[in-house]
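Worksheet: one structure, shown below.
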Amino acid sequence: MRKIIISTESGSDLPLDLIKRHNIQVVPMHVIMDEQNYPDGSIPVTMVYDYYQQTKKIPSTSSTNPNEYESFFRKINEDNPGCAIIHIAYSSKASSTYQNASIAIKEFDNIYLVDSMNVSGGEAAIIVKSAELAEKSNCTEPEKLVEEIRTFVSRARASFIPGNLEYLKAGGRVSNAAYLGASLLQLKPLIEIIEGKLVSTKKFRGKMRRIAENYINEFINHYNLEKDRIFLLYSLGLDEEIKVQMEQIVKENNFNKVQWIQTGCVISTHSGPGAIGIAGFEIQ
48 MRKIIISTES GSDLPLDLIK RHNIQVVPMH VIMDEQNYPD GSIPVTMVYD
98 YYQQTKKIPS TSSTNPNEYE SFFRKINEDN PGCAIIHIAY SSKASSTYQN
148 ASIAIKEFDN IYLVDSMNVS GGEAAIIVKS AELAEKSNCT EPEKLVEEIR
198 TFVSRARASF IPGNLEYLKA GGRVSNAAYL GASLLQLKPL IEIIEGKLVS
248 TKKFRGKMRR IAENYINEFI NHYNLEKDRI FLLYSLGLDE EIKVQMEQIV
298 KENNFNKVQW IQTGCVISTH SGPGAIGIAG FEIQ
């Protein structure tokens, strides 16, 4: 029986317990502050926030490069002789990770590359489903598993609301005028993952507790989602009461299990502290 290994990048924000449970291999993306390059996961998220507070600049981020991928895949093969590797990559529309992985896998004949067309919790949801399927006795052929994974990709639905618009302004994603207007009116943009791209589709108004309630209810009502599990996203700094509220709402809507995803350094540089998000699979 051929062993199948699932791998991905750190931008999927997979919790450590799930990484260990499913033996998922994770290669870091990068965070850059004052020309110092830090592998994602090697520093605490609070370091990103502290850097912004001190400099009023947000760190830049970069994808895993082809040489890093090649070393990463080679190590997996050394540790798991004869295995097949299915690498579920961060959206090709949001980063060069997929393209760089495509270059690296030319050196191997046992690696299957899947574009998740998603990021953070949306990508994590796809990876967890894939790992669970790979562990089933009837899913030992990588080609068949890849076909199944691509159906997960097509059904994954994810979005998030940034916690701090200052990070969007500092990163040049909104103008000063738009930032001031949004701040005065207590507006927060909804960022949806659409065909792999991060797209601002609407704005919510009010305090985050009210926004969280409206946002989650709208998401659940808009999609016909699988009820076995839902993924809730947050960045460090979110009020614990809001997390309790979010979980209560999804349980009231008859979801069997809630999986929390905390954003790492790469995603937190874009969302800022106190962001929220949600991901699940639409029934088709």
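Each residue of the sequence shown is one higher than the last, beginning at 48 in my numbering. Even glycine gets a Cβ: it sits at the ideal position worked out from N, Cα and C.
Cβ-Cβ separation, residue j to residue i (assumed contact under 8 Å), whole Å
i, j, result
"residue 209", "residue 322", "5 Å"
"residue 280", "residue 142", "With 8 Å as the limit, residue 280 and residue 142 do not qualify as a contact, their Cβ atoms being about 18 Å apart."
"residue 289", "residue 255", "6 Å"
"residue 261", "residue 251", "6 Å"
C-beta contact flag for residue i and residue j at 8 Å
i, j, result
"residue 79", "residue 57", "no"
"residue 238", "residue 201", "no"
"residue 173", "residue 53", "no"
"residue 309", "residue 259", "no"
"residue 74", "residue 66", "no"
"residue 131", "residue 51", "yes"
"residue 177", "residue 196", "yes"
"residue 105", "residue 316", "yes"
"residue 311", "residue 88", "yes"
"residue 115", "residue 154", "no"
Rounded C-alpha distance that separates residue i from residue j
i, j, result
"residue 218", "residue 126", "Bear in mind that a pLDDT of 43 at residue 218, under 50, signals an unreliable position, so the model cannot answer this."
"residue 59", "residue 170", "5 Å"
"residue 175", "residue 140", "21 Å"
"residue 147", "residue 319", "27 Å"
"residue 277", "residue 268", "14 Å"
"residue 328", "residue 271", "8 Å"
"residue 301", "residue 77", "38 Å"
"residue 150", "residue 113", "6 Å"
"residue 98", "residue 110", "20 Å"
"residue 298", "residue 82", "45 Å"
Exposure of residue i, with buried meaning 16 or more beta-carbon neighbours within 10 Å
i, result
"residue 204", "buried"
"residue 303", "exposed"
"residue 198", "exposed"
"residue 189", "buried"
"residue 102", "exposed"
"residue 84", "exposed"
"residue 324", "buried"
Does the stretch 86-97 come into contact with the stretch 154-168, if we say contact requires no fewer than three beta-carbon pairs (one atom in each stretch) closer than 8 Å?
no
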